[in-house]
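Enquirer:
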Amino acid sequence: MYRLPGVMNSIYLDNNATTPLDDRVLQTINTALQRRFANPASAHQDGQIALRELQRMRESILQQLGAVTSGMHSCRLIFTSGGTESNNLALRGLATARQRTSRTARRIIISAIEHPSIAETAASLAREGWRIDYLHVEHDGVASLQHLEELLAEPAALVSVTSVNHETGVCQPIPTIAQLCADSETLFHTDAVQAVGKVPVHFSDNSITALTVTAHKVHGPRGIGGLVIAHGTEIEPILFGGSQQLGARPGTEDVALSSGFARSIELAIEELETRTEHLTRIRNRFEEQLLAYFGDSIRIMGQNSPRAPHTSNIAFLGCNRQAVVMAADMVGIRCSTGSACTSGSSEPSLVLKAMGRSKAEIDSSVRFSFNFLQDESLVREAVQKIIAVVVRLLGKKAI
Amino acid sequence: MKQIYLDYNATTPVAPTVVEAMQPFFSNHYGNPSSRHALGCAAAEGIEDARMQVAQMIACDREDIVFTSGGTESNNLAIKGVMLSGKQLAGHMIISAIEHPSVVAPAKFLQRLGIDLTVVGCDADGVVSPEAVYSAMRADTKLISIMHSNNETGVIQPIADISKLCRRAGVVIHTDASQSAGKVPLSVTDLGVDLMTLAGHKYYAPKGIGALFVREGLVLEPVLHGAEHEQGMRAGTENTPYIIGLGEASARSSRAIDDAVSHMSKLRDRLFNRIQAEVGIPLKVNGIGAERLPNTLSIVFPEVTGYELLNAIPEICASTGAACHSDAVDMSPTLRAMGLSREEAAGTVRFSLGWFSREEEIDQAVELIVGAWEGLRVS
């Protein structure tokens, strides 16, 4: 097996990239795998059992996310292969369906700090002639509502703004944004993969058209996610094939992944309050200890904004962010320079750039993200190691 | 009630060794493979090992395998990927009349966008002839997609011959081999294809994982946009455990394919011979004159519908050749293309066997099937 120094005693502070699977969820998945579920599209009894199981999972997830599941306004959950697919489906599927049915403008508004799965889907639509406008964010990472109002003065098919930013943890004013979109009869999608299980999510209480959720950010399995869509919303598929999921998303569904997904969401919502409290406490302890040592020579990105409790994005002024991540890795601290999806590249963070942060901050920012299974003593150990790493890097530079 | 599962073409159970192989990647090596720290690297290494195992099963290079969420996505990526690459949305493509919906539907979608589509037929045995494909080819043909083996009849298509035509004409050829993996040896070199679809849940890996073989140098427009996963061809955080599972299933298949072929064909022939002996009247087997997968048996039962027959034996999981509504018979496109009559299509039942099928089950199934058939005939 592959080993690097420190693998055994590592401290995993990269929970925004992915979270370890909860033992309880793993048990659910293994039970389902061993029950040998049939193809839910099969007409025989075993197939029908699998189909009913899927429906049960769907309803459970919708309920946990505050989506209405019965009556005149019942919402739908489309299972996908994960957050990336849900975001692709939402952007392309909602925008093209809207364009087809009501001939609105071929124009989409997204925030300037979206994940690549939104930004790149928008870019692919731009190549097909769609106009993409970018919603500004302020220095503290929060989207400018004034700019949104200006943008909405002109017709658009769809607005997409992430609920909680993956790099800074900054929360967007989703209810207000949703209301502004509703007032101008514009569809509104939010990527809530970093929000679910970290902050309250109430789909139906707000005028949200569609919401992306994924399992592996809340101690669930990889390879599955969902798109919640409001009652009566038209959506064009991006994958074509069989008649599964009313044609909105063909492909044989996996009961094992779906049940793991549902279990992880159920646990995250049931335990939301205690998890949030705990995460806030350890994240705050983490930041307080670093601030106590470094004072003004570190900056916490989005510090004064509403933030989800699990993320801390810190600029170690004078350090190189990649050097910090690598040196931390050597002493067993797993952290990241930003989105894992872009961390292979040496490009500076587009999120921090859009926030108008200084070059010194952008060059030295590192993301730490926690999970609810970690405790204060682990955080203390991490802080000591990070201090040692940063001091050494700054020292070297001074020489 | 103990079920007799004769529906392996619909889906297979996950092999116990596959479940086992996935466990460490569920619990220990949970890092995001894109992360640059040690935990990410361990996951990335596991994925590359699995990629090698899949590549070895179909005799290609490791770099030519792209992991997807399954057969449907692989087929979409192959077809949309080829036809939507390049600046101009134009050109012609060919599929056959017996393709799976996940090939037909993206082709029809492209047709709505302005791509020309030709659907070539098959003969009475369900074989798409290279001559038919050749006569459909045009100067602007960009892609030909013909399945490797048919899900309903098990008939194996002459892909190597068709790909020779494509090579000569400079046309890209894709084959959906979802039904072939784990049932017959597969080599992209021998077949000469540029793209090949694999679906995990048809060969003892879980549902929700698949792969696409993409010949080196071929550029595809991605279906899912985002970060630069899978050489920029498929965005989304890799499902490490399921990828490991697909690798293990592929390795098992590579090792045991000869034994699997003889096991399944022996039982499949036993199933048919015994039913035939008991029924007495000569039974029509769809695709009998062609080369077939060793596990598939598509029989036309006379005087009954497949729907009635399977309804009468809830102990057996199998599939019909047509979906029956109250007063109409909805023939499967494959059986229609083969020229079956409505009665024949309605009477068709597909039995498909697998690695875990046992002789006792087959003998039990024969008894149940023949008993039900006789009962329905009398009434």
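Residue numbers (our numbering), protein chains in the order written: chain W, 140 to 538; chain Y, 43 to 421.
Backbone N, C-alpha and C define an ideal beta-carbon position, used for all residues, glycine too.
(1) Using a beta-carbon distance cut-off of less than 7 Å, what residues from the stretch 266-285 of chain W approach chain Y?
(2) Residue 126 of chain Y to residue 263 of chain Y, Cα distance in whole Å?
(3) Under 8 Å between C-beta atoms, does residue 81 of chain Y make it to chain W?
(4) Taking 7 Å as the cut-off, is the beta-carbon of residue 524 of chain W closer than that to any non-hydrogen atom of the ligand HEM?
(5) May I ask you to list the residues that DSSP assigns as paired with residue 91 of chain Y?
(6) Run the CB neighbour count on residue 323 of chain Y, radius 10 Å, all protein chains shown included, and call it buried at 16 or more, exposed below.
(7) Per DSSP, what kind of secondary structure is residue 366 of chain W in: helix, strand or coil?
(8) I'd like to know whether the C-beta atoms of residue 238 of chain Y and residue 100 of chain Y end up nearer to each other than 8 Å.
(9) Give the residues of chain C in contact with residue 487 of chain W, contact being defined as C-beta atoms less than 9 Å apart.
(10) Under 9 Å Cβ-Cβ, which residues of chain Y neighbour residue 178 of chain W?
(11) Three-state secondary structure (DSSP) at residue 120 of chain W?
(12) Grab the span of the beta strand (DSSP E) containing residue 218 of chain Y for me, first residue to last.
(13) Tell me the DSSP secondary structure of residue 432 of chain W in three-state form.
(14) Would DSSP call residue 346 of chain W helix, strand or coil?
(15) Any beta-carbon of chain Y closer than 8 Å to the one on residue 221 of chain W?
(16) Relative to the C-alpha of residue 104 of chain Y, which residue among Y:220, Y:205 and Y:289 is closest?
(17) Determine the contact status of residue 135 of chain W and residue 249 of chain W, defining contact as a CB-CB distance below 8 Å.
(18) What does a CB cutoff of less than 8 Å around residue 404 of chain W pick up in its chain, not counting 5 residues either side in sequence?
(19) I'd like the list of long-range same chain contacts for residue 49 of chain Y, defined as Cβ closer than 7 Å, with 5 residues on each side in sequence excluded.
(20) For the pair the stretch 137-145 of chain Y and the stretch 162-180 of chain Y, tell me if three or more CB-CB distances fall below 8 Å.
(21) Can you give me the start and stop residues for the beta strand (DSSP E) that residue 255 of chain Y sits inside?
(22) Would you check if the stretch 182-197 of chain Y and the stretch 116-126 of chain Y touch, i.e. whether three or more CB-CB distances between them fall below 8 Å?
(23) Mind checking whether residue 193 of chain W and residue 394 of chain W have CB atoms under 8 Å apart?
(24) Mark residue 189 of chain Y as exposed unless 16 or more other C-beta atoms lie within 10 angstroms of its C-beta, in which case mark it buried.
(25) Please report how far the alpha carbon of residue 267 of chain Y lies from the alpha carbon of residue 156 of chain W, in whole angstroms.
(26) Residue 361 of chain W by DSSP, collapsed to three states: which one?
(27) Would you call residue 518 of chain W buried or exposed, if buried means 16 or more other Cβ atoms sit within 10 Å of its Cβ?
(28) Of the residues that make up the stretch 273-300 of chain Y, which ones have a beta carbon closer than 8 Å to any beta carbon in chain W?
(29) Using a 10 Å radius around the Cβ and a threshold of 16 neighbouring Cβ atoms, would you call residue 75 of chain Y buried or exposed?
(30) When burial is assigned at 16 or more other CB atoms within 10 Å of the CB, is residue 383 of chain Y buried or exposed?
(31) Any C-beta of chain W sitting closer than 8 Å to the C-beta of residue 117 of chain Y?
(32) Among the candidates W:387, W:368, W:367 and W:383, whose CA atom is the shortest distance from the CA of residue 376 of chain W?
(33) Taking Cβ to Cβ, would you say residue 451 of chain W is nearer than 8 Å to residue 80 of chain Y?
(34) List the residues of chain W that residue 144 of chain Y touches, going by C-beta distances under 9 Å, in chain order.
(35) Using the DSSP secondary-structure output, state which residues sit across from residue 218 of chain W in a beta bridge.
(36) Of all the residues that make up the stretch 351-374 of chain W, which are near chain Y by a beta-carbon distance shorter than 8 Å?
Expert: According to the structure data:
(1) Those residues of the stretch 266-285 of chain W that come within reach of chain Y (Cβ to Cβ, closer than 7 Å) do not exist; the list is empty.
(2) Linking residue 126 of chain Y to residue 263 of chain Y through their CA atoms gives a straight-line distance of about 6 Å.
(3) Answer yes: the Cβ-Cβ gap between residue 81 of chain Y and chain W drops below 8 Å somewhere.
(4) Ligands are entirely absent from the displayed structure, and the ligand HEM is therefore not among its contents.
(5) Beta-bridge analysis with DSSP links residue 91 of chain Y to no other residue.
(6) Label assigned to residue 323 of chain Y: exposed.
(7) In the structure shown, residue 366 of chain W sits in a strand (DSSP, three-state: E or B).
(8) Less than 8 Å divides the Cβ of residue 238 of chain Y from the Cβ of residue 100 of chain Y.
(9) Looking for chain C here will not work: the only protein chains present are W and Y.
(10) Within chain Y, the residues near residue 178 of chain W are 49, 52, 53, 243 and 249.
(11) Lying before the first or after the last residue shown, residue 120 of chain W is absent from chain W, which here runs from 140 to 538.
(12) In the DSSP assignment, residue 218 of chain Y falls within the unbroken beta strand (DSSP E) covering 214-218.
(13) Helix.
(14) It is coil, neither helix nor strand.
(15) Yes, its Cβ sits closer than 8 Å to a Cβ of chain Y.
(16) Selected option, being the one with the closest Cα: Y:289.
(17) Not covered by the structure: residue 135 of chain W. The range shown for chain W is 140 to 538.
(18) Closer than 8 Å at Cβ, skipping near neighbours: 199, 200, 203, 204, 335, 336, 352, 354, 357 and 359.
(19) By the criterion of a C-beta distance shorter than 7 Å, residue 49 of chain Y is surrounded in its chain by 359, 360, 361 and 394, once the five residues flanking it on both sides are discounted.
(20) Note that the stretch 137-145 of chain Y touches the stretch 162-180 of chain Y; at least 3 beta-carbon pairs, one per stretch, sit closer than 8 Å.
(21) 252-256 is the extent of the beta strand (DSSP E) around residue 255 of chain Y.
(22) Between the stretch 116-126 of chain Y and the stretch 182-197 of chain Y, the count of C-beta pairs closer than 8 Å reaches three or more; the two stretches touch.
(23) Residue 193 of chain W is a Cβ neighbour of residue 394 of chain W, given a cutoff of 8 Å.
(24) Buried, by the Cβ-count rule.
(25) A straight-line Cα-Cα distance of about 18 Å links residue 267 of chain Y and residue 156 of chain W.
(26) The answer is coil: DSSP assigns residue 361 of chain W none of H, G, I, E or B.
(27) Under this definition residue 518 of chain W is a buried residue.
(28) Residues of the stretch 273-300 of chain Y with a C-beta less than 8 Å from any C-beta of chain W: 277, 278, 279, 280, 281, 282, 283 and 284, listed in chain order.
(29) By the C-beta density criterion, residue 75 of chain Y is buried, having at least 16 other C-beta atoms within 10 angstroms.
(30) Exposed, by the Cβ-count rule.
(31) Judged by the 8 Å Cβ criterion, residue 117 of chain Y is in contact with chain W.
(32) Nearest C-alpha to residue 376 of chain W among W:387, W:368, W:367 and W:383: W:387.
(33) Cβ distance not < 8 Å, so residue 451 of chain W and residue 80 of chain Y don't count as in contact.
(34) Contact annotation for residue 144 of chain Y against chain W: 378, 379, 380, 381, 389 and 390 [CB-CB distance below 9 Å, chain order].
(35) For residue 218 of chain W, which the question treats as bridged, DSSP gives the partners W:365.
(36) So the list reads 355, 360, 361, 362 and 363, given in the order they occur along the chain.
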